[in-house]
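This report concerns only the one structure given below.
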Amino acid sequence: MTIEVKQLVRDLSIPSPGDITRPALAGERETMVLNMGPHHPSTHGVLRLVVELDGETVVNVAPDIGYLHTGIEKSMESKTYQKALVMTDRTDYLAPLSNNLSYVLAVEQLLGCTVPERATTVRVLLVELQRISSHLVWLGTHALDLAAMSVFLYGFREREQILDIFELVSGARMMTSYFRVGGLAYDVPPEFPAAVQALLAIMPERIDEYEALLTHNPIWLERTRGIGAIDTASAIALGVTGPALRATGFAWDLRRDMPYCGYETYEFAVPIARNGDIYDRYLVRVAEMRESVKICAQALDRLIALGPGPYVTSDRKIAPPPKSEITHSMESLIHHFKLWTEGFKPPRGDTLAAIESPRGELATYIVSDGSPKPYRVHFRAPSFVNLQALPHMARGHLVADLVALIASMDPVLGEVDR
Amino acid sequence: MNRTIVISQILVIEQAPGWLVAALNHAIIAGVLLIGGAITMMLQVWVERRLIARMQDRLGPNRVGPEGILQSIADGIKMFTKEDIIPRAADRWVHLLAPIVALAPIAMMLAVLPWGRGLVAVDLEVGVLYIAAVSSISGVGLMMAGWGSRNTFALLGAMRSIAQLIAYEIPLIIALLGIVLLTGGMSLARMPELQAGIPLFGSSIPGAPDLGLGWFIFTPVGLLGGIIFFICALAEGERTPFDIPEADSEIVAGYMTEYSGMKFAVFYIAQYLLNFALAVLSAVVFLGGWQGPGVAWLADAGLGAAASLLSLLWLLLKAWGLFMLMVVIRAAVPRLRVDQLMSFAWKYLLPLALVNVASAALWVGLTEWSSIEWGNLLPVDGLAPWQRIGVAALVTAVINLGATRWVLRINRAPAAAPVVVPA
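Residue numbers (this note's numbering), protein chains in the order written: chain A, 178 to 595; chain B, 129 to 551.
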């Protein structure tokens, strides 16, 4: 290894809590150990950080994860493909529809099934709404961590409206499980376009409102500019993706670079910034919300133009037949019975489906042994990977910056621990 | 000169021994101040919660009593019934005494504040000095809390508080010093009396009506001093953007982390009372205190009691206005970082406060010295008092404006690289 690479590896290595809590050796400068979390107001869930402090300056940080480990990946192995879908809602609980999408795309790849145009359009529309709602939670909590309290409540006001739309289509506000293998669980109700239109009409000016409170606020600038910066090379070495990577100036967005769900046919920009600090991540996410609004508007127009049509694949081996058919078709009854007792059997093999979730690249890896239950499911969770960069970014900054830094990486612990 | 109405004059009973009258006198004053303080604190919490809720598009407490005004009482009862937890590792006595040490000096501050025309509990000749001395005692209470709790967050919070209190106390007192120069005395009771008349010129123009608007905030010295004082008051009262000692997202609750039940409530009361006392102090020193249109007119008409009542209303109006300004600031801005807070105190406020004291001295020289005192260099004797005030205002305005611009310029951060968000 060259010296530079060795240096990079040392810089980027992730300390373990034991490295920090060991007593100081003779001649070593004595430091204070602060245990932040798992019960701490701003660790966004149950993240535990063992922080080594020199005064208030962070010398080292060791993230200690696993407090929210619920064995989601393992549990999915004992459920049929349809039933395992429900568990995906619970990983990244701020973006359940994105998780649904990644999972159903992977299963559809295994099965080689096609999805009706209407379902794909609704998927894009809802996933972009989900991105806005997830970014609103990030914006609110980020601002709240820096004591800009009002932004939090303004953000949650609009998020409420988005959750109402989810409730309208799926009956659930957060744990939607709305995307099913082969399409959607049900068709969208007739009120749906109007509800989305109402949201899209107010959203741009509401985003202006948040920006008015923060973007040029001198205290906000002081607190975020130049803090926790990371360069593109380190970000890629650490596997950082999503807004945090784009904030370093590297335009990489799976929606544009490895399109799925027909994203290549939508018009949208991939916002990037230059310095990779907290402020740039803020700018990128806010710009992304505006782009998502544009995508939603396009998707809604298409949905209206498409008119009524099938919302789920007509392959009866994958999607159950409608109730009306069961009462008079023997074949349908058999399909229904087979699907809900045994499930479908994808061919042997493995597959990976990656999407751009609000937090970065979310990929679902599924190994099939030909049975109705997945042999192994693994999520490439962006929160988990992005968290690796935290020690690298935090060193040399203050405890107060650490709080802002965690918020700017927007980790969801459900996804980190799974 | 009988400026104060001694409350117990009503009670003087013939043949009552002097010590009894004195004891009753003090008991009544203490009772009024403490009960008034407690009620004020409850109202403050309610106003803060309702106002901030209004700004944030939500309702706030609206269930207990009309418009939720009794919410604080419900909270108080809850606090009383909570278990009082003392951590096993804590220093018992220090932990126990800390809230008391934090609250007592703030209650003591209330005693010297002039609440209205002739309404002052204790008229100290060195009121300003007393306030400065007493208000810094409560910092000891915070350090005791942080140290006694034996908790890292509490200790960090206490260290932050002490650093912040010391840093901001200096510009705060220097800002007061300018006004002390202007008034020529440290008595807080006298300060509102000197702010009668019309804006800027006070009572210096013969024949001008006494509108009670000769507030120091209308003079260049008072304006800069007032702004510095109010910013420092935000920091002393640990309010956003300076609420760093108890930054909940960073260090949980700072020095209060290990407190529960009534001891927590005592810290809470101390904080709100301090906010209110500082708001009253700002009003007294810079906003004319109880002066306002109508007070002098009522007093001249022989309605002394009505004048006092109106003056009390004016003071409360100003103090509550300032408190609401604090709440609005809290709703609008994020929190500074601890080092940024320090550099703001030392690099911005302190130099400006020092320049302001120099301006105040110049003001006094230009308005009060005779030509002989100026060594016959300035022919000031020929000018009428209001003309001299005009000249002084002009000169000090130029100095203060120049100093502000200079301080802002030398502290300007190097321009950061522009951020591009390409389409």
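Cβ coordinates follow ideal geometry from the N, Cα and C atoms, glycine included.
Three-state secondary structure (DSSP) of residue i
i	result
B:G518	helix
B:W442	helix
B:L231	helix
A:S545	strand
B:W418	coil
B:M454	helix
A:S534	strand
B:W243	strand
B:N484	helix
B:A424	helix
A:M213	strand
A:P240	strand
A:T442	helix
A:E305	helix
Nearest-angstrom Cα separation, counted from residue j out to residue i
i	j	result
A:L316	B:G285	26 angstroms
B:E195	B:M287	39 angstroms
A:Q286	A:T528	7 angstroms
B:S136	B:V149	The predicted model places B:S136 with a pLDDT of 45, which falls under 50 and marks its position as unreliable; any figure quoted below should be read in that light. Taking the straight line joining both Cα atoms gives about 8 angstroms.
B:P227	A:E229	30 angstroms
A:H246	A:D594	5 angstroms
B:G432	B:G306	32 angstroms
B:I500	B:D509	9 angstroms
B:Q199	B:L187	13 angstroms
A:V292	A:K494	14 angstroms
A:V616	A:L306	Nothing about residue 616 of chain A can be reported from this structure: the residues present for chain A run from 178 to 595 only.
B:G530	B:L406	28 angstroms
B:N153	B:V160	11 angstroms
B:T495	B:S266	39 angstroms
A:A540	A:M352	19 angstroms
B:R533	A:H393	20 angstroms
A:D364	A:H555	29 angstroms
Cross-chain neighbours of residue i in chain A, by beta carbon under 8 angstroms
i	result
B:T495	Ordered by position in chain A, no residue passes the 8 angstroms Cβ test against B:T495, which lies about 37 angstroms from the chain.
B:Q292	Near B:Q292 there are no residues of chain A at all, since even the closest Cβ is about 13 angstroms away, more than 8 angstroms.
B:V173	None at all; the shortest Cβ gap to chain A is about 16 angstroms.
B:D371	A324
B:T385	Within chain A, no residue comes near B:T385; the closest Cβ sits about 11 angstroms away, beyond 8 angstroms.
Chain-ordered neighbours of residue i on chain B, where CB pairs are closer than 8 angstroms
i	result
A:N394	V461 and P462
A:R334	D185
A:A239	Within chain B, no residue comes near A:A239; the closest Cβ sits about 16 angstroms away, beyond 8 angstroms.
Cβ-based neighbour list, residue i, same chain, cut-off 7 angstroms, excluding 5 preceding and 5 following
i	result
B:E386	P215, A218, S277, N279 and A282
A:E368	L345
B:A459	I180, M183 and Q184
B:P320	P242, V412, G416, G417, W418 and Q419
A:I155	An answer regarding residue 155 of chain A cannot be provided, because it is not within the stretch 178 to 595 covered by chain A.
B:V535	Y476, P479 and L480
Cross-chain neighbours of residue i in chain A, by beta carbon under 9 angstroms
i	result
B:T554	Coverage of chain B is limited to positions 129 through 551, which leaves residue 554 of chain B absent and any answer about it impossible.
Contacts of residue i in chain B (Cβ-Cβ under 7 angstroms)
i	result
A:E285	The premise fails here: A:E285 is roughly 33 angstroms from chain B at the closest Cβ pair, so nothing lies under 7 angstroms.
A:L330	Q184, D185 and R186
Chain A residues whose Cβ lies nearer than 7 angstroms to that of residue i
i	result
B:T368	A324
Cut-off 6 angstroms between Cβ atoms - residues of its own chain near residue i, not counting five sequence neighbours on either side
i	result
B:P299	I356, C360, L477, L478 and A481
B:L362	F370
B:S315	E253 and G255
A:I339	L306 and S310
C-beta neighbour in chain C for residue i, strict 8 angstroms
i	result
A:D578	Chain labels in this structure do not include chain C; the protein chains are A and B.
Own chain partners of residue i with C-beta closer than 8 angstroms, once the 5 adjacent residues on each side are dropped
i	result
A:C290	V358, G359, T490, D492 and I495
B:A551	With a pLDDT of 44 at B:A551, under the threshold of 50, the modelled position of that residue is not reliable, and the figure given next carries that caveat. There are no such residues.
A:V210	I197, T198, V227, V228, E229 and L230
Proximal residues of chain B, C-beta to C-beta of residue i below 9 angstroms
i	result
A:R160	Nothing in the structure corresponds to residue 160 of chain A, since chain A is present only between 178 and 595.
A:A602	Within the shown structure, residues of chain A are numbered from 178 to 595, placing residue 602 of chain A beyond reach of any answer.
A:A320	P462
Proximity test, residue i beta-carbon vs the ligand MN heavy atom, cut-off 7 angstroms
i	result
A:R423	Because no ligand of any kind appears in the structure shown, any question about the ligand MN cannot be addressed here.
- Message: At a CB distance below 9 angstroms, what residues from the segment 454 to 466 of chain B approach chain A? Give them in sequence order.
- Response: Here the close residues are R458, A459, A460, V461, P462, R463, L464, R465 and V466.
- Residues of the segment 465 to 489 of chain B whose Cβ lies closer than 8 angstroms to any Cβ of chain A, in chain order: Within the segment 465 to 489 of chain B, contact with chain A at the beta-carbon level (separation under 8 angstroms) is assigned to R465, V466, D467 and Q468.
- Query: Using a beta-carbon distance cut-off of less than 7 angstroms, what residues from the segment 252 to 266 of chain A approach chain B?
  - Reply: Against chain B - using a Cβ distance shorter than 7 angstroms - the segment 252 to 266 of chain A contributes no residues.
- Which of the residues in the segment 220 to 237 of chain A, read from start to end, lie with their CB under 8 angstroms from any CB of chain B? Cβ contacts with chain B: E233.
- Select from the segment 487 to 509 of chain A all residues with a C-beta closer than 8 angstroms to any C-beta belonging to chain B, and list them in chain order. Going along the segment 487 to 509 of chain A in chain order, one finds no residue with a Cβ nearer than 8 angstroms to chain B.
- Query: Between the segment 512 to 534 of chain B and chain A, which residues of the former have a C-beta closer than 9 angstroms to a C-beta of the latter?
  - Reply: Answer in chain order: no residues at all.
- Taking only beta carbons into account, state which residues of the segment 268 to 281 of chain B come closer than 9 angstroms to chain A, listed in chain order. Result list: T280 and F281.
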